[in-house]
Amino acid sequence: SGHVTNAVYGFSTMLNKAIEIMEPSHIVVAFDTKDKTFRHELYKDYKGTRKEVDPELVTQFELVREFLDEYPIKRIELSGYEADDIIGTISRMFPNDKVEILTSDQDMLQLIDDHVDVVLMKKGLTNLLVMDEAMLLEEKGIRPDQVVDMKALMGDASDNIPGVPSIGEKTALKLLKQYDTFESVYENADEVKGKMGEKLREFEDQARLSYQLAEINCNIPID
4 SGHVTNAVYG FSTMLNKAIE IMEPSHIVVA FDTKDKTFRH ELYKDYKGTR KEVDPELVTQ
64 FELVREFLDE YPIKRIELSG YEADDIIGTI SRMFPNDKVE ILTSDQDMLQ LIDDHVDVVL
124 MKKGLTNLLV MDEAMLLEEK GIRPDQVVDM KALMGDASDN IPGVPSIGEK TALKLLKQYD
184 TFESVYENAD EVKGKMGEKL REFEDQARLS YQLAEINCNI PID
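Given below as C-alpha cells:
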C-alpha cells in the first residue's frame with residue numbers, strides 16, 4: 004500500500020528477540036499518549052526542548068499498536084501520564100513476582116528494588132545490562148532512592164528539567180555522598196560553602212519542582 008513500515012518491523016523484530024532472550028511469563032507494553040501530562044501542569048516547559056517526532060514515525064505508531072493487539076500482547080496507555088508512570092505502578096502491583104523492565108531510559112533506575120530489575124539496552128539487544136541494587140551502586144555510586152535526588156539537583160536536559168544551575172553529576176554525587184538524601188542536602192544547605200551553596204539556596208524552589216518532575220508516579224489509576 005506504500006505505507007512506511009520500518010519502525011513496525013524494527014519494533015516487532017526487537018520484541019520477539021527480547022522475548023527469546025528474557026523468556027518472560029507475562030508481558031505488558033506501556034506507551035506515552037500525545038496528551039499533556041500532570042508534569043506539564045507543574046512546568047509548562049517540561050520536555051520543551053524535544054525535537055518534533057519524524058512524521059514517518061508517527062504514522063507507524065498505530066500500526067505498532069495493531070501489531071501488539073494481533074500478537075496478542077497487552078498494552079496500556081493513560082491520558083495525563085507517561086509510560087514511566089504506568090511501568091512504575093505495575094512494578095509495585097506485584098511485590099511477590101520478579102519484574103524486569105526492558106528499556107534504554109535511565110529514569111527507570113529509580114524503580115529498582117529487591118524484586119524489580121531494570122534491563123538497560125546499552126546498544127539494542129546486543130548489549131543488555133541487568134541493573135539491580137548492587138549493580139546500580141557499582142555503576143553509578145548511588146541507591147535507587149537517590150536517582151530522583153540526583154536528577155533534582157543536576158537537572159536533565161533531555162526532559163528539560165532545570166535542576167540547580169552549575170550543579171552537574173559530579174557535584175550532585177558529592178552532595179549525596181555527604182548528606183545522603185535530597186531533603187538532607189536542603190536541611191544542611193546553609194553550611195554548604197561558596198558558589199555551590201549560594202546556588203543551592205537561591206534555586207531551592209526550582210530544585211523541588213525538578214524533584215516532582217523527575218519522580219515516577221507509582222500510584223496511577225490502572226486496574
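The sequence shown: position 74 = 77 (our numbering), numbered continuously.
Glycine residues also receive a C-beta, built at the ideal position from the N, C-alpha and C atoms.
Check whether residue i and residue j have beta carbons under 7 Å apart
i	j	result
Asp-120	Glu-103	yes
Tyr-12	Ile-223	no
Gln-181	Pro-147	no
Pro-165	Lys-202	no
Ile-115	Leu-81	no
Ile-170	Leu-156	yes
Cys-221	Thr-92	yes
Asp-110	Asp-87	yes
Bridge partners - residue i, DSSP secondary structure assignment
i	result
Arg-78	Val-32
Asp-159	Ile-164
Met-124	Leu-131
Euclidean distance between Cα positions of residue i and residue j
i	j	result
Lys-9	Lys-39	The amino acid occupying residue 9 in the given sequence is Asn; Lys does not appear at that position. Distance between the alpha carbons of Asn-9 and Lys-39 is about 27 Å.
Leu-131	Ser-94	20 Å
Ile-76	Asp-152	35 Å
Asp-229	His-6	Only positions 4 to 226 of the chain appear in the structure, and residue 229 is not among them; the question remains open.
Gln-63	Ser-187	46 Å
Leu-71	Arg-78	7 Å
Lys-101	Glu-26	12 Å
Asp-117	Ser-4	48 Å
Val-31	Ala-175	34 Å
Val-61	Asp-35	12 Å
Thr-184	Val-133	25 Å
Supposed close pair residue i, residue j - CB separation, criterion 8 Å
i	j	result
Lys-154	Ser-213	7 Å
Leu-128	Lys-20	5 Å
Arg-42	Leu-178	Contact doesn't hold; Cβ gap of about 24 Å is too wide.
Ile-225	Ile-89	7 Å
Arg-211	Ala-192	About 12 Å separates the two Cβ atoms, so there is no contact after all.
Length at least 4, wholly inside the segment 162 to 200: the alpha helix (DSSP H) runs in chain order: 172 to 182 and 185 to 190
May I have a chain-ordered list of the beta strand (DSSP E) segments no shorter than 3 residues that lie completely inside the segment 85 to 121? 102 to 106
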